[in-house]
Amino acid sequence: MFTGAAVIASVFIGSVWAGENKAIIKKFKKENPALFVFLVMVVSYFLMSLFGGVMVFLLGIKLPLL
Numbered sequence: 000m001f002t003g004a005a006v007i008a009s010v011f012i013g014s015v016w017a018g019e020n021k022a023i024i025k026k027f028k029k030e031n032p033a034l035f036v037f038l039v040m041v042v043s044y045f046l047m048s049l050f051g052g053v054m055v056f057l058l059g060i061k062l063p064l065l
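The structure is reproduced here in structure tokens:
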């Protein structure tokens, strides 16, 4: 569960940093906000699958929210 939360947090922080410091990413984020969020979620899913924490994240964090 910690791995999933850490991956999500690091990808989110990385996307915020990139959006503030890189002009092309800032422009893309401003023009396509839904696609940018989708890409952040896809990258998070890919990294969690590398670490094997996808099901732990879904069951440990998302399920109690439902």
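Numbering-wise, the sequence shown is residues 0 to 65 according to numbering that gives the first Met the number 0. The beta-carbon is built from N, C-alpha and C at its ideal position, and this holds for glycine as well. Computed from a predicted model, the values in this text were never measured in an experiment.
C-alpha gap between residue i and residue j, whole angstroms
i	j	result
residue 28	residue 63	30 Å
residue 7	residue 38	12 Å
residue 50	residue 30	32 Å
residue 15	residue 3	18 Å
residue 5	residue 25	24 Å
residue 23	residue 1	32 Å
Exposed unless 16 or more other CB atoms sit within 10 angstroms - verdict on residue i
i	result
residue 10	buried
residue 13	exposed
Proximal residues to residue i (C-beta, below 6 Å), its chain only, five neighbours per side dropped
i	result
residue 35	28
Residue i in three-state terms, based on DSSP
i	result
residue 31	coil
residue 21	coil
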